[in-house]
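All remarks here apply to the structure that follows.
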Amino acid sequence: MHTSPPTSAAKSKRPRLGVVKLASCDGCQLQLLSCEDELLPLAGAVEIVTFAEATSRRDDGGPLDVVLVEGSVSTNEQLAHLRSVRARAKTLVTIGACATAGGIQALRNGRDVKEMLRVVYARPEYVDTLADATPVAAHVRVDHELRGCPIAKGQLLELLTALLLGRRPELRDESVCVECKRAGNVCVMVASDTPCLGPITHGGCGALCPSFARGCYGCFGPKEQANTASVASLLRARGESGAEIARRFRSFTGEAEAFAREAKRALEHDRERVEPTPEEEP
Amino acid sequence: MSARFLPRESLPALVAALRDGRRLLGPRVRDGAITFGELEHVEDLPIGVGDEQSPGRYRLRARADERAFGYAVGPTSLKETLFPPRETLFRAERRADGKVGFVAVVPKPEATAVLGARACELAAIGVQDRVFVQGAASEPRYRARRDALQLVVAVQCTSPAATCFCGDAGTGPRVYGDAADLIATEIDAGLVLEARTEEGAQLLDRLPTRAVADDERVEAERDLDAATTKTHTGRLAIEGLPERLFAALDHARWDEVAARCLACGNCTSVCPTCFCSHAEEAGATAGALEGRSERERVWESCFSSEHGAMHGANPRATTKDRYRQWLTHKLGSWVAQLGTSGCVGCGRCTTWCPAGIDLVEEARALGDGQVSAVALPDAPPPCETPRDEDLVPRAAEVLAITAETSDVVTLHVRDHGVAAEPGQFLQLSLPTIGEAPISVSGVSRAEGFVDVELTIRGVGATTRALTALEAGMELGVRGPYGRGWPLAALEGAPVVIVAGGVGLAPLRGAIRALVEAPDRFPDVRLFVGARTPEDLLYPREMITWLERSHVKLTVTVDHASPGWRGHVGVVTRLLRRSAIPEGARALVCGPEIMMRFTSDALVAAGVTHDRQWLTMERHMKCAVGFCGRCQMGPHLVCRDGPVFRRDELALLGREGF
Ligand SMILES: Cc1cc2nc3c(=O)[nH]c(=O)nc-3n(C[C@H](O)[C@H](O)[C@H](O)COP(=O)(O)OP(=O)(O)OC[C@H]3O[C@@H](n4cnc5c(N)ncnc54)[C@H](O)[C@@H]3O)c2cc1C
Ligand code: SF4
Ligand code: SF4
Ligand code: SF4
Ligand code: SF4
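Sequence lines, in order, name chains A and B.
Counted the way the working numbering counts, the first sequence spans residues 1 to 282.
Counted the way the working numbering counts, the second sequence spans residues 283 to 939.
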C-alpha cells in the first residue's frame, strides 16, 4: 500500500479495502462510519471492495490490500471465511476487543457449550458453534490490532491513514496511565481510591474513563509487561474478594492471556482462603 | 533587601499586580487535588485546604486556618507549562513532484506570572533548563515559554508532605538565590515577602505592605525551621549515590521492586524533571493524503516498551530493566549527563505511584552498599549551541541512487548544510512518513553545497520509504550531529577497521581518509564481514582500496554462495593476534553484539580498550539531547557519541542498558 509520494499512478490504482464481520455487535464497524468528516478523504483514497454496512456493491473476490476484521471466531463457517479473507489480504487488521481477544463472547469459554446452547436456543442442533469463541490471531496471522470495545475512532483513522501513506501507525503499546497524565487528569486511584486498570491496560482510548473520574475497565486489554499480579494484590489490599477481582479482569477482554490468567488466580486465591490447609490451622 | 509584610486582606492586591497584563498561574483545587492552573481571583487559591500524602495515596483535607499555601506539591508542576505533553515541532510538506518543505512551529506564549512556586519546583526548572537550553542545543519552544515566565513569586513551603524530602535533596524548603523574583513565607496573618531580583523589588514597591513585626518574623522562621527539619528525613544520603547505585546493578532488590511495579509511567509523568519524549507524524488525514504533516513531540516514559526499542532489539525489555533505568537515571547517571541530580525531592513519584512504591525506600535499600569501582564520567561542558535552524530539516535533493544489495541503497544527496565528519550522522525526514538517524557514508565538499552519501537499509517504514526515493526527489535533512571517528588520534599508528554488515557505511568516510593519506596512516587493515557475498557493500570501491599498498583487506561471509573462495565465518575469527599489528588502534562498527565480541577479540589480540572506538546505534528522536531516548547509562549517544572509545562504554552488554 505504498503510495508516497502522491503520484497520479497511485491515485489511479487505489488500495482495496475490505471490512469483514465475524461474531460481534457491529459497534466497531459503525465506528468507521462515524468518522464523518475524516472518512471522506479516506473514501476517495481507497476502493471499498467489501463492507456490509457501507456499500451494496458485491464482493468481487479479488485481492485486498487491507482487510479489517471485526468479531471473534465462533462458528466453523466464520473460521472458513476468515481463512479465505486472510489468503486474499496483504494486511489484516483485527478491530475491537472481540477480534483481538475474543471479547464478550469469550466469556462462555470454559463452560459447557452444549448446555449454554440449550438454554439460549430452542433448536441447538442447528447452531454450528465451535467450543470456544476465539480471537482471530488464534487462527491466522494478524498484522495490526486495534484494541477496545468499541475501538477508538482516532486509532482507526491513524491506522488507515498510516497504511495509505506507507508509514508506521502510532498504535503505541503503552499504559492508559501515560495517556491519562498527558491529558492532565488527577489519578482516581491515588486521589480517591477508585480501582483502575489503567496501569496495565493498553492505551489508545486517550484515558477516556479516568477523564470522567471513573476507573479504567481495561477494555483495550493488557499492555505488554502487564503486571496483573501486582494489581490484584492492590485490589485485595482494599478488601476485594477473589471473585470481585476476577470479575474486573474478565469484563471485556477476559480471554486476553494476562487477564484470563489473573482472573483464574484470583478465584483460586478465594478457594484457598475458604479451605485453609491443615498446617495453617492453629 | 529587607523583608516586608503583606497582610492577608491584601492578597487580592498581589494577585492583581501579578495579573497586570499577564496570565497568572498558581495553585487551584481541581478534581480532588491541588494543581497548577490559571488564577483570576484570590478565591481561586486553595484557601484553607491542605493535603495528606503517602506512597500511592493523596487526599485533600480542610485546614483549621485560612492559609492559601498550606499544602505540599500536587500532581502537576510547571513542567506542563514549559514542556507541554504534546506540541508541534514543525510542519512538513511533500508535493506531488517529490519536493519537500519544513517550517518550524514556535509558540508565542503570553506573558506569564507564577504565584506559589515551591523551592523544589524552581529547582526542577533549573534541572530542565540544563536539558533544554544549556545542553547540546537550545530548544526554541521551551526557551520561548521560559522567557515568557516574567514574574515568579515563590512561597516557601511550611506544609511538607510525608513523601517530601527536598531537605535531603538539597533543594528546599527554603528558596535560595534568585530562582524567584519574590520569596514569600506564609503565616496566619499574611505573607512575609522578600525581593530577590529587581523585578521583584518593583513588584514589592507596588504592594500595600508594611514592616514585618518581630513576632511575625519569628513565626515565619519557626515554621520554616520545622519544615526544614521534616524534609531532612535522613533516609537518603545523596552524596556518592550515583556510584553506589551503579555498584548495585545486580542487587536482588531490582527483582523485588519489579514484582510490584506496574510499568505504568506515572512516576516519570509526574516527575517535574523527566524530559523524555517521542516524536510522531501527525495532522489531519485529508492533509496527510496530500503530503502534509506535522511533526509532534509527545511525553514518553522509560517505562514504556518503545522508549529504547530499536529495530529488532529492545535493551530494556522487562519491567526490571525499566525500573533500574528510572532509578539509576534519576539519582545516578543524570549527574554524569547533566551535571546535577535528576531528583529534587518533591515526592510526587512516590505519592502518585498507584502501587505505592517509595523512591526513597528503594534508593536507600539499593544504594546502601559499596561504591562502584567504575567511576562515572563528568558531565561534558555545554556544547557550542547550534542555531535554531539546525533543528529543522532543510530540503536536500537526491542526485542519484546506487542499489547496494537487495535491501540497501546509497542515496547521493546534494545538501546545503555543514559538511559532516566521518562517523557523524544526519536526521533524514520524509513528510507524513517520519525521521531516521543515518550515518554519513561519504562527503564531498564543493563551493556552496555538500554532496553526501547515505547508505540505508530498509528495515522499517521510514527506512523503506527512504530507500524508495528516486533521483530528482527531495528529502529533509538536519545535522550533522554527534562525535565522529577520532582520525587525529590514529595518526602514525597501524589502524585496524572491523565492519559488520551495514556497519561498513559509517566507517566508509574514515576508510577513504585513511586510504588517501598513506603518509599519515602507513598501515591500514580492514576486516569486513557480511551475511552473504551478495550482502557486501561497496565491492567496486573495495577493489580500489586494495590497489593501495598500505591497505590490506580481508572479507568474510556467514554463508558462502557458489563461487565464493574467500573466508567463511564470523569476522571475529579473523582477528588473530598475528593479523593485528603491534600498537594498533581499532575502529569498529556493526550490530551491538558483534561489536562486543569484536572488542573482546581485539583485547585478546593486544588492542586495549583505550585504543578501540565503536559507534553505537540507539533509538533517537531529536539527536541533540532533548528526547532522552538514546541514553545508555551516563551517556546520551547522540551527544557523547555515536563514536565512543571502548573504555567509555563500561555498560556495553550490561543487561538493561
Ligand atoms: C547514530 C545512528 C546512525 C545510523 N546509521 C544508519 C545507517 O547509516 N544506515 C542504516 O541503514 N541505518 C542506520 N541507523 C539505524 C536507523 O536509524 C534505523 O534503522 C531506523 O531508525 C529505523 O527506522 P524505521 O522507521 O525504518 O524502522 P522501524 O523499526 O519501523 O522504526 C521503529 C521506530 O523505532 C525507531 N528506531 C528503530 N531503530 C532505531 C535505531 N537504530 N535508531 C534510532 N531509531 C530507531 C524509529 O525512529 C521508529 O520510530 C542508524 C541509527 C543511529 C542511531
Ligand atoms: S486514573 Fe487510572 S489510568 Fe489514570 S493515572 Fe490513575 S491509575 Fe492510571
Ligand atoms: S524523582 Fe520523584 S521525588 Fe525526585 S523530583 Fe522526580 S518526582 Fe520528585
Ligand atoms: S529515562 Fe530518565 S528522564 Fe526519561 S522518563 Fe526515564 S527517568 Fe525520566
Ligand atoms: S514505580 Fe510506580 S508509578 Fe512508576 S512505573 Fe512503577 S508502578 Fe508505575
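Think of the CB as a built atom: it goes at the ideal place given N, C-alpha and C, for glycine as much as any other residue.
query	result
Cβ of Pro-222(A) within 8 Å of any chain B Cβ	no
Contact check, Cys-871(B) vs Ala-728(B), beta carbons under 8 Å	no
Which residues DSSP lists as bridging Trp-581(B), in chain order	Ser-559(B)
For Leu-485(B) and Arg-942(B), believed in contact at Cβ under 8 Å, the rounded distance	No answer is possible for residue 942(B): it lies beyond the span of chain B, which begins at 283 and ends at 939.
Between the CA atoms of Val-691(B) and Ala-10(A) - distance to the nearest angstrom	With a pLDDT of 42 at Ala-10(A), under the threshold of 50, the predicted position of this residue should be treated as unreliable, though the coordinate-derived value follows. One C-alpha to the other measures close to 23 Å.
Cα-Cα separation, Val-885(B) to His-891(B)	7 Å
Rounded distance between the beta-carbons of Ala-701(B) and Val-725(B), thought under 8 Å	5 Å
Contacting positions in the stretch 730 to 745 of chain B - beta carbon closer than 9 Å to chain A	Gly-742, Ala-743, Thr-744
Partners in chain A for Trp-608(B), counting only beta-carbon separations shorter than 7 Å	Neighbours of Trp-608(B) on chain A: none; closest Cβ ~13 Å, over 7 Å.
Contact between the stretch 184 to 193 of chain A and the stretch 554 to 572 of chain B (3+ Cβ pairs under 8 Å)	no
Cut-off 6 Å between Cβ atoms - residues of its own chain near Pro-5(A), not counting five sequence neighbours on either side	For Pro-5(A), the pLDDT reaches just 45, beneath the cut-off of 50, and the residue's location in the model is therefore unreliable, leaving the point undetermined.
CB-CB length for Ala-775(B) against Ala-645(B), believed under 8 Å	The pair is not a contact, with the Cβ atoms about 44 Å apart (cut-off 8 Å).
Entirely enclosed beta strand (DSSP E) segments - the stretch 300 to 328 of chain B, minimum 3 residues	305 to 312, 315 to 320
Val-494(B) and Val-435(B) closer than 8 Å at C-beta	no
Below-8 Å beta-carbon distance, Val-46(A) vs any chain B residue	no
First and last residue of the uninterrupted beta strand (DSSP E) at Arg-368(B)	368 to 376
Between the CA atoms of Val-850(B) and Ile-407(B) - distance to the nearest angstrom	56 Å
Proximity below 8 Å, CB of Cys-628(B) to CB of Val-355(B)	yes
Neighbour-count burial assignment, Val-500(B), 16 or more Cβ in a 10 Å radius	exposed
Residues within the stretch 306 to 320 of chain B neighbouring chain A, beta-carbon criterion of under 9 Å	Arg-312, Asp-313, Gly-314, Ala-315, Thr-317
Burial state of Ser-723(B) (16 or more Cβ within 10 Å)	buried
C-beta neighbour in chain A for Val-680(B), strict 8 Å	no
Cβ-Cβ distance between Leu-307(B) and Leu-489(B) below 8 Å	no
Residues near Ser-843(B) in its chain [Cβ-Cβ closer than 7 Å; skip 5 each side]	Thr-814, Pro-815, Glu-816
Whole-angstrom distance between Leu-620(B) and Arg-412(B), CA atom to CA atom	7 Å
Continuous beta strand (DSSP E) stretch holding Phe-384(B): start and end	382 to 386
Residue from Glu-174(A), Pro-210(A), Arg-247(A) whose Cα sits closest to the Cα of Met-349(A)	Summary: the structure shown does not reach residue 349(A), with chain A confined to residues 1 through 282, and so no result is reported for it.
Inter-residue Cα distance where the pair is Gly-96(A) and Glu-145(A)	8 Å
Residues that DSSP places opposite Ala-682(B) in a beta bridge	His-694(B)
With 16 other Cβ atoms within 10 Å as the buried cut-off, status of Val-20(A)	buried
Gly-782(B): first and last residue of the uninterrupted beta strand (DSSP E) it sits in	777 to 782
Sequence ranges, beta strand (DSSP E) only - wholly within the stretch 470 to 495 of chain B, length at least 3	472 to 477
Closer than 8 Å to chain B by CB, Asn-76(A)	no
Proximity of Pro-357(B) and Val-186(A) at Cβ, strictly below 8 Å	yes
Euclidean distance between Cα positions of Gly-18(A) and Ala-226(A)	32 Å
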